[in-house]
Structure formats: structure tokens, C-alpha cells
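Comments concern the structure below.
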Amino acid sequence: MKILGVLICLLCGGASSAFALSPDMTLDFTWIGTALCAPTPGSPEFQVENMPARTAVLRFVLIGPNGAELGGADVPRPVHGTVPRGTISFRAPCVGGMYTWTVEAVDAQGKPLGKAKLTRPFY
């Protein structure tokens, strides 16, 4: 009976480590420095953390308050998670409201690995 208990503990311990989740991918940015209705806007600097290990590309998309897609781009995986200001093409917001940047981590074969999004007000 003790042997069975030990085996169950070992199996449960092994299972929990085998199925341990990595931290969720996160996205951060600020609109500071982005002009309203700018004809050639520069995207914000982005900080992406906890990218899945096999990430080859980050796919960015900006969604406006009415649900319309306002631009985006695929960017090679940044070494330290920082995507420099001006890297991504998009239409600058012309109306104040809540805007959402979404970033998807994609592997070399185009398979999605993870996603993060952040909604911030633009005024």
C-alpha cells in the first residue's frame, strides 16, 4: 500500500511539472508622442514579454473604437522584447477613444503560439 502511495505521489508530481504553464505573453506601450490624425504616424515603442520559445515573428494589429482594423505589421522577434517606435505602419487615430493593439507570436511555419493585447485611451 505504501508503494502505491509513493507511486501516486511521483506520478502526480511528474504530471504537475509536465503540465506547468509558462507565464502569459504580455504587451505594453504608450501613446505619448503620437499625434492625432498624423499623416505619417510613428507607431509607439512596444514591450513584449514572455514570448513563447519558438517565436519567429510578432504580428501586430491595431483595432479602433468602432472595431475597424487600422493597420499593423509582422516584425521579426526582437531580442529583448522591444519593438522600436515607428516600426509598424498604421492609420493614426483621428477620433479619441479606446484603441487596442494585439500582438500574436508566430513560429517559422506560421503557427500561432501566443497572443497578448492591450487597450488604451487615445485623446
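Using mature numbering (1 follows the signal peptide of the UniProt record, and there is no 0), the letters of the sequence shown correspond one by one to residues -20 to -1, 1 to 103. No residue lacks a Cβ here, since even glycine has one placed at the ideal position from N, Cα and C. Quick caveat: nothing in here was measured; it's all calculated off a predicted structure.
Check, Outcome
"Restricting to Cα atoms, I'd like to know which of P101, Q89, A72, D8 is closest to L16.", "A72"
"Return the CA-CA distance between E29 and I68, expressed in angstroms with no decimal places.", "18 Å"
"Please state whether the Cβ-Cβ distance between G77 and P32 is less than 8 Å.", "no"
"DSSP three-state call for T10: helix, strand or coil?", "coil"
"Quick one: using the 10 Å Cβ neighbour count with 16 as the cut-off for buried, is Y79 buried or exposed?", "buried"
"Terminal residues of the continuous beta strand (DSSP E) containing R100?", "92 to 102"
"By the three-class DSSP mapping on this structure, what secondary structure does P3 have?", "coil"
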